[in-house]
Amino acid sequence: MTFDELCALAGNGKPLPRSVLPLERVAYRGITWLYHAYRRGAFSKDEAAEEKEALRREYEDARRKEKDGLKLHKDIDQIRVAFGGQFKAVKESGCPVCRRLVKILDGRDLSEGQDT
14 MTFDELCALA GNGKPLPRSV LPLERVAYRG ITWLYHAYRR GAFSKDEAAE EKEALRREYE
74 DARRKEKDGL KLHKDIDQIR VAFGGQFKAV KESGCPVCRR LVKILDGRDL SEGQDT
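All residue numbers for the sequence shown refer to my numbering, where the first residue is 14 and numbers rise by one.
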């Protein structure tokens with residue numbers, strides 16, 4: 014959900030759909046609290062607007078980081094798939110150094126690649 018969609022729900026006192034992500038739920042609760050505090054007079058209009066913009070920036074930054082993290086994992090998976098066929102050929106080549114390198118690269122034996 015976008016930040017504006019979350020604001021619309023919170024502003025109208027509507028509940029979140031069950032399918033929302035944890036990040037969306039946290040942002041919604043923050044917006045709901047802000048609206049409630051503003052209505053009770055805890056913030057001036059300008060202060061509430063500043064707080065809302067801070068929430069927006071934090072939410073959008075967290076969404077970007079989450080999206081970047083998912084892309085990174087997807088890219089790593091694609092690299093592993095691409096290496097998969099080559100790893101099999103290297104293992105079958107009989108070269109012990111190559112086999113050890115394959116174990117390190119595919120994550121089965123990370124300790125061998127470290128100098129201790």
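Ideal Cβ positions, reconstructed from N, Cα and C, are used throughout, including at glycine.
I need the straight-line Cα distance from residue i to residue j, nearest angstrom please.
i, j, result
"Y41", "P109", "56 Å"
"V115", "E66", "49 Å"
"A62", "L47", "10 Å"
"L35", "R76", "Note on identity: in this sequence residue 35 is Pro, with Leu being the wrong assignment. Cα to Cα, P35 sits roughly 11 Å from R76."
"R38", "R53", "23 Å"
"R69", "T15", "10 Å"
"D88", "H49", "42 Å"
"S32", "A23", "16 Å"
"L29", "A21", "11 Å"
"K104", "G82", "31 Å"
By a C-beta neighbour count over all protein chains shown, 10 Å radius and 16 as the cutoff for buried, is residue i buried or exposed?
i, result
"L85", "exposed"
So, with DSSP's three-state summary, where would you put residue i?
i, result
"A133", "Lying outside 14 to 129, the shown extent of the chain, residue 133 is not represented and no answer is given."
"T129", "With a pLDDT of only 44 at T129, under the threshold of 50, the placement of this residue in the model should not be trusted; the figure read from the coordinates follows. Three-state result, T129: coil."
"A55", "coil"
Which complete alpha helix (DSSP H) runs does the stretch 41–117 hold, if anything under 4 residues is left out? 58–105
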